[in-house]
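Chemist: In full-length UniProt numbering, the protein residues as written are 1 to 222. Got a structure here, written out as structure tokens. Questions coming.
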DNA sequence: AATTGCGCCAACCGCTATATA
DNA sequence: CTATATAGCGGTTGGCGCAAT
């Protein structure tokens with residue numbers, strides 16, 4: 001049906017991978033004639049070589065007439081963040097509050113865009129919270145919404161604590177992540193007792209080490 | 001111009017809950 | 001009551017397009 005299809009059929013011989021326009025039309029015609037549901041009957045009655053689950057998903061996430069197309073608005077984004085705070089990864093519940101959006105779309109948007117934004121905001125908030133112990137104020141925000149560092153004092157890594165090290169690295173840009181991985185391989189026990197490993201910044205500046213009055217807030221000049 | 005790396009997102013998979021025969 | 005089918009959910013995968021090298 002489609003020479004470009006690269007995903008092999010499943011165990012039962014049903015097509016997998018992206019849907020073609022012709023397949024969509026068959027499914028739309030089926031729904032127009034028989035209504036939504038009974039997806040298992042689709043291949044038998046239409047000859048469409050797709051399993052029931054694939055048909056259902058295609059309808060719910062793409063062919064449904066009430067699907068909203070286009071970018072997620074700022075209002076929607078704000079709502080997703082607030083609902084996620086409230087509900088966690090309950091994507092279908094969250095999607096239920098956003099008319100025309102699917103759980104899959106919201107899950108994807110969270111995983112690719114919002115998770116990063118929320119993390120960066122959290123890091124910036126925590127940096128701001130500790131900034132009174134700094135000798136000189138950094139350009140702010142230290143990390144922009146893309147996870148890249150801004151201003152003269154480009155952050156090489158932000159280590160919140162032992163457990164969050166990898167998380168912090170995932171919010172940094174690619175180049176930063178390379179540096180982070182080098183930093184992560186350091187023998188941190190020798191550099192700092194773990195108890196003060198709570199809040200270190202690495203800046204692309206003259207080498208040197210400075211610890212603020214608060215022992216939990218050390219700044220390491222790179 | 002060709003290759004590589006990466007982000008995005010559609011689709012799949014495993015699992016559970018519910019409905020139906 | 002049991003077996004099977006269907007629906008629903010959330011985590012994960014993999015193809016595609018594009019930017020960087």
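Each residue gets a CB set at the ideal place from its N, CA and C atoms; glycine is no exception.
Where residue 63 and residue 85 are concerned, what is the direct C-alpha to C-alpha distance, given to the nearest angstrom?
Modeler: Going by the C-alpha atoms only, they are around 30 angstroms apart.
Chemist: For the 8 angstroms Cβ check, are there 3 or more pairs between the stretch 40-51 and the stretch 18-26?
Modeler: Touching, per the Cβ criterion.
Chemist: Between the Cα of residue 19 and the Cα atoms of 57, 33, 90, 32, which residue gives the shortest distance?
Modeler: Considering only alpha carbons, the answer is 57.
Chemist: Can you give me the start and stop residues for the alpha helix (DSSP H) that residue 42 sits inside?
Modeler: Unbroken alpha helix (DSSP H) run through residue 42: 41-46.
Chemist: Express the C-alpha separation of residue 74 and residue 83 in angstroms, rounding to a whole number.
Modeler: Approximately 14 angstroms, taken between the alpha carbons.
Chemist: Nearest-angstrom Cα distance between residue 70 and residue 116?
Modeler: Between residue 70 and residue 116, the C-alpha separation is close to 21 angstroms.
Chemist: Report yes if the CB atom of residue 80 is closer than 7 angstroms to the CB atom of residue 91, and no otherwise.
Modeler: For residue 80 and residue 91, no; Cβs fall outside 7 angstroms.
Chemist: Could you check what DSSP says for residue 56 in three-state terms: helix, strand or coil?
Modeler: Correct three-state label for residue 56: helix.
Chemist: How many Å lie between residue 97 and residue 43 at the Cα?
Modeler: Cα-Cα distance, rounded: 33 angstroms.
Chemist: Helix or strand or just coil, what does DSSP make of residue 91?
Modeler: It is helical.
Chemist: Can you give the beta carbon distance from residue 72 to residue 109, rounded, assuming they're within the 8 angstroms contact cut?
Modeler: Confirmed, about 6 angstroms.
Chemist: For residue 103, which residues in the same chain have their Cβ closer than 8 angstroms to its Cβ, ignoring the five residues on either side in sequence?
Modeler: Within the same chain, residue 103 has close Cβ partners 91, 92, 94, 95.
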